[in-house]
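Peer 1: I'd like to ask some things about the structure below.
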Amino acid sequence: MSSITEVAMQFFKACEAGGGWEGCKSYCKPDATFSAQAEPLAATQTLQQYADWMKGLMTILPDGRYELKSFATDAERKNVCAYGVFKGTHRGQGGPVPPTGKSVSTDYVYVMEFDGDKIRHMTKTWHAGLAMKELGWI
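Converting from the sequence shown to the numbering used here requires adding 28 to each position, the first position being numbered 1.
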């Protein structure tokens, strides 16, 4: 059996690479939930929806990438936290406006809660408004 740290890292890499649910589902409970207090994700309720949203984001920001700043496991509470900086430039079609050519560098945190060795819930902390402003979307 893999540790929750290993599972969380594999999920993180797959999700941030735009693997969508197909690339992420083996690390998650089938009914894994999602929450975020960020406007673009307000209606996103499942981890499947979020993973597919990230896949779509990578078509809008085709050079999208992350810099992992911190990765920590809290075994007592059965969660793993990842802090990263996502960077990318709006060159692809999609999004709220045509490609702006503007870039973003935005901090975010994932808190992945586990049931056994699978993610049951993930919370994303992210200031979407500042990111959307950097990209020229608002």
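Ideal placement from N, C-alpha and C gives every residue a C-beta, glycine not left out.
Quick caveat, the model's predicted, so the values are computed rather than measured.
Judging by CA-CA distance, which residue of M150, H155, I166 and T128 is the nearest neighbour of C2?
Peer 2: In the structure displayed, the chain extends from 29 to 166; residue 2 sits before or after that span and is not available.
Peer 1: Does DSSP put V35 in a helix, a strand or coil?
Peer 2: In this structure, V35 counts as helix in the three-state DSSP scheme.
Peer 1: Per DSSP, what kind of secondary structure is A110 in: helix, strand or coil?
Peer 2: Strand.
Peer 1: In or out: Q76 buried (at least 16 other Cβ within 10 Å) or exposed?
Peer 2: Classification for Q76: buried.
Peer 1: By the DSSP assignment, the beta strand (DSSP E) with E95 in it spans what residues?
Peer 2: Unbroken beta strand (DSSP E) run through E95: R93 to D102.
Peer 1: Excluding sequence positions up to five away, which residues of its chain have a Cβ less than 6 Å from the Cβ of S131?
Peer 2: The answer, listed in chain order, is T117.
Peer 1: If I'm right that W154 touches A64 with Cβ under 8 Å, what's the distance once you round it to whole angstroms?
Peer 2: Between A64 and W154 the Cβ distance is about 6 Å, and since that is below 8 Å, they are a contact.
Peer 1: Assign A60 to buried or exposed, taking buried as 16 or more other Cβ atoms, counted over all protein chains shown, within 10 Å of its Cβ.
Peer 2: A60 is buried by the Cβ-count criterion.
Peer 1: Express the C-alpha separation of P90 and N107 in angstroms, rounding to a whole number.
Peer 2: Whole-angstrom Cα-Cα distance: 30 Å.
Peer 1: Just to confirm the assignment, what range does the beta strand (DSSP E) spanning K152 have?
Peer 2: K146 to W154 is the extent of the beta strand (DSSP E) around K152.
Peer 1: Pick helix, strand or coil for P58, following the three-state DSSP scheme.
Peer 2: P58: strand per DSSP, three-state reduction.
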